[in-house]
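Residue numbers for the sequence shown follow the working numbering, so the first one is -3 and each next one is one higher.
Worksheet: the structure to be examined is printed underneath.
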Amino acid sequence: MILRFLAALNFVPFFFGQLATADKPIFSFGVIADCQYCNIPVAKDDKRQYPLSREKLAKCVEQLNRLDLEFVVHLGDFIDKDYSSFADVVPIYNRLKADHYHVLGNHDYEVADESKAKVPGVLGLKECYYHFVRKGYRFIVLDGNDVSLHAYPVGDPRFVQAKAYHAK
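Right under this line is the structure:
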């Protein structure tokens, strides 16, 4: 039985592509999460320093650009609130040399109702859920805000549907 298992291992690269080793990965990618930028005054005793996120993101982008990355993904909450916050951090993120993607977080929709529909577009997204392929691996980005109370304006049919769903 063990010999059959070991023999089967010889076919793994054939079916799944090359195997990674410690010194030669198939590829590398970068991950950033919760930038949560907002240019607001911060109380002295507040541990959250939202205005500093812009500088921290710039340092992160600088470091990631030194690496040989297939792509970079931000995992949501790019801003903390206010649609105008995107204008301060999107240009920094777009300095990434590698292809870069976004997953939308709940804070990305902490904007005025009239701006909610513009959120995906300001981040370069045509859809809120999508996929991309790198070296034979499919990465699937889900839309965790699809049935939410923060992604749609009050009164929008999707908001009403989400409210009914969450009331259960």
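We put the beta carbon where it would ideally sit given N, CA and C, even for glycine.
- A distance below 7 angstroms between beta-carbons, with the five flanking residues on each side excluded, links Ile136 to the following residues of its chain, in chain order: His127.
- In the structure shown, Asp84 adopts helical secondary structure according to DSSP, grouped into three states.
- Going by beta carbons, Tyr105 and Val115 fall inside the 8 angstroms limit.
- When rounded, the separation of the alpha-carbon atoms in Lys43 and Leu100 is 24 angstroms.
- DSSP places Arg130 inside the beta strand (DSSP E), whose first and last residues are Tyr126 to Arg130.
- Comparing alpha-carbon positions, the option among Ile36, Gly140 and Thr17 lying closest to Ile75 turns out to be Ile36.
- Contact check for Leu65 against Val27 fails: the beta carbons are separated by 8 angstroms or more.
- For Leu145, same chain residues with a beta-carbon under 7 angstroms away, outside a window of 5 residues either side, are Phe155, Ala158, Lys159 and His162 in chain order.
- Residue pairing of Tyr133 in beta bridges, as defined by DSSP: Arg130.
- The beta-carbon separation of Gln45 and Val38, rounded to 6 angstroms, stays under the 8 angstroms limit for a contact.
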